[in-house]
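Below you'll find the structure, written out as structure tokens, and then a few comments.
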Amino acid sequence: MGAVAILCGAGCRESHDDTPIYLDKSQPMEKRVEDALSRMTLEEKVALLHAQSKFSSAGVPRLGIPEVWCTDGPHGIRPEVLWDEWDQAKWTNDSCTAFPALTCLAATWNPGLSDLYGQSIGEEARYREKDVLLGPGVNIYRLPLNGRNFEYMGEDPYLASRMVVPYIHGVQRNGVAACVKHFALNNQETRRNSVNVVVDDRALYEIYLPAFKAAVQEGGAWAVMGSYNRYKGEHCCHNSYLLNDILKRDWGFDGVVISDWGGVHDTRQAAANGLDMEFGTWTDGLRDGASNAYDNYYLAQPYLKLLREGKADMATLDDKARRVLRLIFRTAMNTDKPFGSLNSPEHIAAARRIAGEGMVLLKNDGDVLPLDTEKCRTILVVGENAIKMMTVGGGSSSLKVRHEYTPLEGIEAAVGDDVKVVYERGYVGDVTGSYNGVETGQDLADNRSEKRLIADAVAAARKADAVIFVGGLNKSGHQDCEGADRKQLGLPYGQDKVIEALAEANPNLAVVIVSGNAVAMPWIDRVPAVVEAWYSGSEAGNALADVIFGKVNPSGKLPFTFPVRLEDNAAIAMGEYPGGASVEYREGIFVGYRWHDTRHIEPLFAFGHGLSYTTFEIGNARIDRTTLTDGGTIRLSVEVTNTGKRAGAEVVQLYIGDDSSSLPRPVKELKGFEKVALNPGETRTVTFDITPEALQFYDDTRGQWVAEKGTFTAYVGAASDDIRASVGFDLE
Ligand code: GLC
């Protein structure tokens with residue numbers, strides 16, 4: 001607010017610039033924070049630190065400092081709930097665009113799309129006047145049973161780090177805080193509210209923390225959400241080691257630590273261990289009597305009492321309040337923020353583009369795909385996931401979308417009138433269509449027997465020119481869903497039998513897996529084409545059709561390993577999962593392809609794997625020197641050529657192996673990637689600058705990152721199990 005002209009008697013029109021500093025946006029942020037803080041009472045400071053409703057916290061009404069409004073979730077803006085209930089507020093203006101799940105975004109290996117994603121979802125949050133987006137999630141994919149893997153960015157800390165940073169930039173450009181979650185070690189849903197994670201420091205620093213560190217130090221995240229589980233015996237929402245020592249002291253985080261909803265269990269810990277805002281504590285919400293339940297929050301009256309009795313220090317209170325004020329100045333009081341937009345054509349286009357670029361062509365023998373509608377006049381689509389809406393369900397990331405194109409709708413919309421699309425259910429999975437009061441409106445009931453369903457699908461398959469089976473998992477409990485883990489690697493609802501029968505009936509079969517996790521494929525040798533389509537949001541069906549019919553040439557790469565059997569996964573093989581009161585990550589740093597490489601276990605599909613409708617050649621890797629010195633750089637160059645007949649994009653991946661480390665290390669680790677779009681016959685030189693930092697590991701005996709002298713190998717390829725070139729060099 002600029003100078004304020006006030007009438008000072010006798011009609012004086014002289015302007016007196018008495019705008020308080022905290023309201024004067026020309027003032028430096030920290031000055032505004034201090035000024036606001038100096039004007040606040042003890043009670044007002046404490047009121048900033050806890051919820052006043054399900055998703056909001058108080059501002060300072062007396063000073064004109066607004067409330068903070070939070071919203072789920074990482075894939076879209078959650079529909080409004082009641083003041084103090086999870087139930088729907090039944091607004092009619094809060095349908096949104098559902099963007100693809102973050103596994104799909106990660107599978108694009110395209111940081112530019114991550115920025116587009118963040119920008120778009122940030123615009124929707126801004127338009128809905130939300131100050132904090134409760135996302136993105138970057139918990140590492142430790143095993144394929146974790147119910148919430150679909151919300152995260154895969155098994156590799158480098159990929160997750162590169163992909164989370166632009167998302168945050170995009171969101172925060174809208175004056176909306178990204179709230180990176182769940183910090184930290186929330187890698188299973190089983191006993192998520194209490195399980196104490198036991199993990200060695202190397203795995204903590206090398207695997208589980210890097211994406212959060214990148215989110216804070218490169219992404220500049222304004223908020224971080226603590227996780228439900230415990231680490232070193234303390235709940236992560238008030239965990240001194242994670243929040244005070246690592247996040248705030250070591251990483252220099254100047255934002256707000258927000259609890260997960262119901263993640264706070266103790267006032268003294270909440271006061272002293274780095275928590276700044278408490279949400280969702282399991283009171284019963286509004287309660288009759290002296291005060292409502294929010295006054296009973298740990299950081300409410302109980303904290304005020306400790307402060308008044310001198311049992312909690314004021315300096316810590318002021319630090320919390322400063323952080324919340326900084327959040328408010330960056331968001332609600334940021335007068336330069338844009339106005340956002342909701343369900344715009346641009347958002348729909350972004351959702352479709354990210355979905356299409358994230359889908360992974362896992363197998364395509366005989367070039368079954370893309371389908372040629374000149375030859376395929378009758379296309380049979382089979383499977384419940386071809387018709388079941390997937391934007392509803394799965395927990396807090398569930399959405400109410402303006403419209404969701406299902407795979408069947410997308411395929412039907414993509415073909416002309418001269419192609420007949422037939423649908424058969426094939427199997428019945430979960431016919432429910434509602435979550436938290438959001439109804440899909442679909443009636444998926446089908447009382448045919450399993451035998452009948454398969455017989456009907458087989459009969460139709462025999463008459464079709466091509467068959468597309470769309471199955472996988474869904475957002476139901478014990479599938480890809482918050483609050484519970486999967487119970488098996490295999491597909492549920494008898495899908496394997498359907499796929500086997502279809503493969504028998506018609507060899508021109510493509511299987512599309514809709515999931516956020518790896519699944520077993522016992523039928524893989526009898527199915528020529530397989531696509532991982534993820535949960536790809538509002539435009540799922542259109543994006544899938546784009547890939548099926550070749551309008552989009554798939555370029556996605558797996559962000560996590562598909563093991564053949566569950567026992568091939570490190571956490572399962574080494575134990576411990578799901579553990580009891582504690583769960584020990586005995587596999588340490590050997591997560592995902594790090595495990596498969598070291599133990600020579602052939603995956604079903606490897607981390608980084610993904611095919612194209614064209615082919616690429618990756619030439620020899622050349623380096624400009626064979627010795628890397630401290631502070632120096634080795635430039636690695638490699639040619640990539642499109643040797644096929646149509647334009648496409650390849651993700652050139654750089655892995656580095658330490659051939660002479662004193663401590664155990666994986667065979668190789670992802671240290672660089674670049675997605676290159678090429679026309680047929682076109683060649684591009686891709687360069688990577690290798691620095692000593694890329695060679696480091698966390699030496700837990702010294703508590704620091706070290707790069708040991710010795711020989712290293714740079715591997716360049718199109719997947720972790722598809723290395724096309726390698727070259728050795730030394731670190732002096
Ligand atoms: C949930 C989730 C968290 C979500 C929050 C609010 O339990 O763990 O990701 O943002 O509560 O819904």
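Residue numbers are given in my numbering: position 230 of the sequence shown equals residue 230, and the series is strictly consecutive.
The C-beta atom is built at its ideal place from N, Cα and C for all residues, glycine as well.
As the structure is a prediction and not an experimental result, all values here were calculated from the model.
query, result
"Beta carbon of Lys420: closer than 7 Å to some heavy atom of ligand 1?", "no"
"Between which two residues does the alpha helix (DSSP H) holding Ile354 run?", "345-358"
"Tell me the DSSP secondary structure of Leu731 in three-state form.", "strand"
"On the CB-based measure, 16 or more other CB atoms within 10 Å of its CB, does Lys311 come out buried or exposed?", "exposed"
"Report the rounded CA-to-CA distance for Lys671 versus Glu450, giving the unit in angstroms.", "48 Å"
"Could you please give me the residues that DSSP links to Thr627 through a beta bridge?", "Asp730"
"Taking all protein chains shown into account, do 16 or more other C-beta atoms lie within 10 angstroms of the C-beta of Lys31, making it buried, or fewer, making it exposed?", "exposed"
"Tell me the DSSP secondary structure of Arg62 in three-state form.", "helix"
"Mind the definition here: the segment 713-727 touches the segment 641-659 only if three or more C-beta pairs lie below 8 Å; say whether that holds.", "yes"
"With respect to the alpha helix (DSSP H) encompassing Ile121, which residues constitute its N-terminal and C-terminal limits?", "111-127"
"Drop a sphere of 10 angstroms on the beta-carbon of Trp261, count the other beta-carbons inside from all chains shown, and report buried for 16 or more, exposed for fewer.", "buried"
"Which runs of the beta strand (DSSP E) spanning at least 3 residues fall entirely within the segment 586-666, listed in chain order?", "616-618, 634-642, 648-658"
"Which same chain residues end up closer than 8 Å to Asp245 when comparing Cβ atoms and leaving out the 5 residues on each side of it in sequence?", "none"
"By Cβ distance, which residues of its chain are closer than 8 Å to Asp288, with the 5 residues on each side in sequence left out?", "Low per-residue confidence applies at Asp288: pLDDT is 41, beneath 50, and the placement is therefore not dependable enough to give any value."
"Pull up the distance between the alpha-carbon of Phe99 and that of Gly579, whole angstroms please.", "34 Å"
"Can you give me the C-alpha to C-alpha distance between Asp17 and Asp24, rounded to a whole angstrom?", "10 Å"
"Please name the residue or residues paired with Gln704 in a DSSP beta bridge.", "Asp699"
"Relative to the alpha-carbon of Leu42, which residue among Gln301, Lys130, Leu133, Tyr427 has its alpha-carbon at the smallest distance?", "Gln301"
"Would you report the Cα separation of Gly118 and Asp456, rounded to the nearest angstrom?", "44 Å"
"Check the C-beta distance from Gly556 over to Tyr535 and give it rounded, since I have them as a contact under 8 Å.", "Gly556 to Tyr535, Cβ: 14 Å. No contact."
"Enumerate, from N- to C-terminal direction, the unbroken alpha helix (DSSP H) stretches of 4 or more residues contained entirely within the segment 393-470.", "407-414, 450-462"
"Taking its Cβ as the centre, do 16 or more other Cβ atoms sit within 10 Å of Ser161, making it buried, or is it exposed?", "buried"
"To the nearest angstrom, report how far apart Lys320 and Lys248 are at their CA atoms.", "12 Å"
"What span of residues does the alpha helix (DSSP H) with Val256 cover, start to end?", "Val256 -> not in any alpha helix (DSSP H); beta strand (DSSP E) instead, spanning 256-258."
"What whole-angstrom Cβ distance do Ile207 and Ile589 have, given they're in contact under 8 Å?", "6 Å"
"CB Phe549 to CB Ala725, shorter than 8 Å?", "no"
"Assign Lys232 to buried or exposed, taking buried as 16 or more other Cβ atoms, counted over all protein chains shown, within 10 Å of its Cβ.", "exposed"
"For Asp485, I'd like the list of residues in its chain whose CB is within less than 8 Å of its CB, leaving aside the five on either flank, ordered along the chain.", "Leu145, Asn146, Gly147, Gln188, Glu189, Thr190, His478, Pro578"
"Specify whether the segment 588-603 and the segment 611-623 touch according to this definition: at least 3 beta carbon pairs, one from each stretch, less than 8 Å apart.", "no"
"Determine the extent of the alpha helix (DSSP H) in which Cys104 is found, giving its start and end residues.", "102-108"
"What do you reckon, is the C-beta of Glu189 under 7 Å from a heavy atom of ligand 1?", "no"
"Is Arg173 helix, strand or coil by DSSP?", "coil"
"Short of 6 Å in beta carbon distance, which residues of its chain neighbour Asn385, apart from the five on each side in sequence? Order them along the chain.", "Val470, Gly471, Gly472, Val514"
"What span of residues does the alpha helix (DSSP H) with Glu504 cover, start to end?", "495-505"
"With 16 as the cutoff for other CB atoms within 10 Å, does Glu567 come out buried or exposed?", "exposed"
"Please specify which runs of the beta strand (DSSP E), each continuous and at least 3 residues long, are wholly inside the segment 243-329, giving them in chain order.", "256-258"
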